[in-house]
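In what follows, a structure is listed as structure tokens, so that the remarks can point back to it.
Number of protein chains: 2
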Amino acid sequence: MRNDNREDYLINILRLTDGTGTVRTTELASYMQVTPASVTEMLKILSKEGLVNYQRYRGVSLTEEGVLKARELRRKHHIMERFLTDVLDIDHEQAHDQACAVEHSISEETADKMCRMIGTKIDADCTTCKNPCNDGTVTIVKCIAVSKMRQGDKGKISHLSSGESTMVRKLISMGFVPGRDIQLTTSVSDKGARIIKIGEATIAIDKDMASAIFVNLE
Amino acid sequence: MRNDNREDYLINILRLTDGTGTVRTTELASYMQVTPASVTEMLKILSKEGLVNYQRYRGVSLTEEGVLKARELRRKHHIMERFLTDVLDIDHEQAHDQACAVEHSISEETADKMCRMIGTKIDADCTTCKNPCNDGTVTIVKCIAVSKMRQGDKGKISHLSSGESTMVRKLISMGFVPGRDIQLTTSVSDKGARIIKIGEATIAIDKDMASAIFVNLE
DNA sequence: GCATCTATTTAAGGTATCCTAAAAATAGGT
DNA sequence: ACCTATTTTTAGGATACCTTAAATAGATGC
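These protein sequence lines map, in sequence, to chains A and B. For the first sequence, our numbering assigns the number -16 to the initial residue and increments by one for each residue that follows. For the second sequence, our numbering assigns the number -16 to the initial residue and increments by one for each residue that follows.
This is the structure in structure tokens:
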């Protein structure tokens, strides 16, 4: 239980880098709903423990050891989530939340055996399996927030993530459903509204919304 | 996640009182492997929140609300543990540990549906169901440590609990298995050894051992 | 009824994590 | 190359737990 938090940082760095890239402090902070200051503090610790490569003002990446840990964690998350949705028929959002909490506590044996119940091979190398992502939708690949897209960028919605669940619901009701194609048509300024095309429709959304929608670029 | 600790205190108070009695600070402290000072501190908080009745120097009991919460928690623990042992065929000790961690995070819906998979009715009122106890053995009823038994007291071993798992293994290897009949033959002083009868055998054990064996008195 | 022992609480301090506000580093436009 | 806007870090402080050591309440033997 003592390391749950560290593990949360690891898995979220994996989610944003897929193990091969770098994330900036601020991006990780907004993804995890904490302040950049908290991230900085934690990165120093994880760095000392050899789990991440961290250089001041340069962002973080996972070390080899960090990737292994994070992948195992992500695997447990996937398995638990799939077990909850596919076997117990629990709603996705709840399944995700519970998987987030439980992923730190279940043993590998438990994960393996649940995996057999689901009937799908789920291993730590996310590229070889068709898993639900952290939100229960698609395999995780490096994804960015719509607020970070450049004009003309195209992609598919990976998942929605926001501190307020009302935001997620609102977005879903507007048609921002994981898997849909999305393109940034116009972005006037960093702070202003964006005009985006989603499927056939064209919608304007503000920065907060754009920060809660994560996309896999084409 | 923030309330896991409070919940641990609640469920352990329930385990030692079955919701109807009082536990002393020290007993709870040694059961939970923390210092009495920590218990005192937490009891003040839980008391302020209306979950326990606490009076300085008098011990604690659960309030009605506290009993409800603790029972629901215990139910989730039982279900998770049974799921792990009966469905996934995980070893008892590991199942217990994982259930301890997970009981705080799974929803009632998840618990209900797992319960159906196990095929046994498990409800919050422990008296109406034959569940594994916290250690996977028997229904919890009020239980006391052997170190608290009086000369002549008889009972059945409920479970073993100690900070060191080596202690538990040692005790099991000596024949202290949940379910066995046990009687305190002689107890010279509080700190000294006890002589006890377990099944047909008579054994002497020291105070540490006696503090790790919990018994349901006849 | 008092001395003494034990249980309990209080006091003071530690660690992990979070936050806000201020300071410092970097990056981008000219 | 410099100014400015943004990002990141540092500093200082809060909270939830935990600990040890000292103080106090309650129980027990005579």
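Idealized CB from N, CA, C, for every residue including glycine.
Exercise for the section: Identify each residue in the region 71 to 98 of chain B for which the Cβ-Cβ distance to at least one residue of chain A is less than 8 angstroms, and report them in chain order. Expected result: LEU71, ASP72, ILE73, GLN77, GLN81, ALA84, VAL85, HIS87, SER88, ILE89, SER90, GLU92, THR93, LYS96 and MET97
Handout entry: Members of the region 50 to 67 of chain A near chain B, C-beta cut-off 7 angstroms
Key = LEU67
Handout entry: DSSP-derived helix/strand/coil call for THR23/A
Key = Residue 23/A sits at position 40 when you count from the first residue of the first sequence. Note: THR23/A maps to helix in three-state DSSP.
Problem - Terminal residues of the beta strand (DSSP E) in which ARG177/B lies - result: Working through the second sequence from its first residue, we reach residue 177/B at position 194. Residues 177 to 181.
Exercise for the section: Put LEU167/B into one of helix, strand or coil per three-state DSSP. Expected result: One-based indexing of the second sequence puts residue 167/B at position 184. LEU167/B: strand per DSSP, three-state reduction.
Exercise for the section: Could you say which of LEU56/B, SER130/B and GLN77/B lies nearest to MET192/B if we only look at CA atoms? Expected result: As a first step, residue 192/B must be located in the second sequence, where it is residue number 209. Comparing Cα positions, the closest option is SER130/B.
Exercise for the section: Indicate whether the contact test is met: 3 or more Cβ pairs, each with one atom in the region 16 to 34 of chain B and one in the region 163 to 172 of chain A, closer than 8 angstroms. Expected result: no
Exercise for the section: Report the three-state DSSP secondary structure of THR185/A (helix, strand or coil). Expected result: Against the first sequence, residue 185/A aligns to sequence position 202. Strand.
Handout entry: Pairwise C-alpha distance: LEU200/B and ILE188/B
Key = In the second sequence, the residue the question calls residue 188/B occupies position 205. In the second sequence, the residue the question calls residue 200/B occupies position 217. Computed Cα separation, rounded: 19 angstroms.
Exercise for the section: Using only alpha-carbon positions, find the residue among LEU154/A, GLU10/A and GLY4/A that is nearest to ALA128/A. Expected result: Within the first sequence, numbered from 1, the residue matching residue 128/A stands at position 145. When only C-alpha atoms are compared, the closest one is GLU10/A.
Practice task
Quickly, what does DSSP pair LEU200/A with across the bridge? List them, please.
Solution key: Counting from 1 along the first sequence, the entry for residue 200/A is found at position 217. Answer is GLY138/A, bridged to LEU200/A.
Problem - VAL35/B - partner residues in DSSP beta bridges - result: Within the second sequence, residue 35/B is the residue found at index 52, counting from 1. Beta-bridge pairing links VAL35/B to LEU45/B.
Handout entry: Contact set for VAL35/A: own chain, Cβ-Cβ below 7 angstroms, skip 5 residues either direction
Key = As a position in the first sequence, residue 35/A is number 52, starting the count at 1. Excluding positions up to five away in sequence, the list reads ILE(-4), LEU26, LEU29, VAL43, SER44, LEU45, THR46 and GLY49.
Practice task
Taking only the alpha-carbon atoms, compute the straight-line gap between THR68/B and TYR40/B and give it to the nearest angstrom.
Solution key: Here residue 68/B corresponds to residue number 85 of the second sequence, with the count starting at 1. Here residue 40/B corresponds to residue number 57 of the second sequence, with the count starting at 1. Near 40 angstroms, if we compare the C-alpha coordinates of TYR40/B and THR68/B.
Problem - Short CB-CB distance (under 8 angstroms) between ASN117/B and chain A - result: Within the second sequence, residue 117/B is the residue found at index 134, counting from 1. Since pLDDT at ASN117/B reaches only 35, below the 50 mark, its modelled position is unreliable, and the value read off the structure follows with that caveat. Judged by the 8 angstroms Cβ criterion, ASN117/B is not in contact with chain A.
Practice task
Run the CB neighbour count on ALA184/B, radius 10 Å, all protein chains shown included, and call it buried at 16 or more, exposed below.
Solution key: Sequence index remark: in the second sequence, residue 184/B carries index 201 (1-based). Exposed, by the Cβ-count rule.
Handout entry: DSSP bridge partner residues for ILE127/B (one or two, in chain order)
Key = Locating residue 127/B in the second sequence gives position 144, counting from the first residue. Looking at the DSSP assignment, ILE127/B forms a beta bridge with VAL198/B.
Problem - Residue from GLN134/A, TYR(-8)/A and LYS139/A with nearest C-alpha to CYS83/A - result: Here residue 83/A is taken as the residue at index 100 of the first sequence, counted from 1. It is TYR(-8)/A.
Practice task
Name the one or two DSSP bridge partners that LEU6/A has.
Solution key: The residue you call residue 6/A lines up with position 23 of the first sequence. With the sequence shown as reference, residue 6/A is identified as Val, and Leu is not the correct amino acid for it. Answer by DSSP bridge pairing, in chain order: VAL43/A.
Problem - Straight-line gap, LEU56/A to HIS79/A (C-alpha atoms, nearest Å) - result: Working through the first sequence from its first residue, we reach residue 56/A at position 73. Working through the first sequence from its first residue, we reach residue 79/A at position 96. Their backbone Cα atoms lie some 14 angstroms apart in a straight line.
Exercise for the section: Could you have a look at ILE62/B and say whether DSSP puts it in helix, strand or coil? Expected result: On the second sequence, residue 62/B is found 79 positions in, with the first residue counted as 1. ILE62/B falls in the helix class under three-state DSSP.
Handout entry: MET132/A to ALA12/A span [Cα, whole Å]
Key = Here residue 132/A refers to the residue found at position 149 of the first sequence. Here residue 12/A refers to the residue found at position 29 of the first sequence. So the two alpha carbons sit approximately 18 angstroms from each other.
Practice task
Take SER170/B and list the residues in its own chain whose beta-carbon comes closer than 7 angstroms to its own, dropping the five residues that flank it on each side.
Solution key: Translated into the one-based positions of the second sequence, residue 170/B becomes position 187. Here the set comprises GLN134 and ARG177.
Handout entry: Option in ILE140/B, GLU92/B and VAL6/B with minimal Cα separation from ALA195/B
Key = Against the second sequence, residue 195/B aligns to sequence position 212. Taking only the C-alpha atoms, the option nearest ALA195/B is ILE140/B.
Exercise for the section: With DSSP as the reference, label ILE89/A as helix, strand or coil. Expected result: In the first sequence, counting from the first residue as 1, residue 89/A sits at position 106. Residue state, collapsed to three classes: coil.
Practice task
State the DSSP-derived secondary structure class of THR68/B, mapped to helix, strand or coil.
Solution key: Taking the second sequence and counting its residues from 1, one reaches residue 68/B at position 85. Three-state result, THR68/B: helix.
Practice task
Determine the extent of the alpha helix (DSSP H) in which ASP74/B is found, giving its start and end residues.
Solution key: Your numbering for residue 74/B matches position 91 in the second sequence. Premise fails: ASP74/B is in no alpha helix (DSSP H) and is neither H nor E.
Handout entry: Proximity winner among GLU92/B, LEU(-1)/B and LYS180/B, relative to LEU71/A (alpha-carbon distances)
Key = In the first sequence, counting from the first residue as 1, residue 71/A sits at position 88. Of GLU92/B, LEU(-1)/B and LYS180/B, the residue nearest in Cα terms is GLU92/B.
Practice task
Look at the Cβ atom of PHE197/B, then the Cβ atom of ILE181/B, and state whether they are nearer than 8 angstroms.
Solution key: Taking the first residue of the second sequence as 1, we reach residue 197/B at position 214. Taking the first residue of the second sequence as 1, we reach residue 181/B at position 198. Not in contact: PHE197/B and ILE181/B (Cβ atoms no closer than 8 angstroms).
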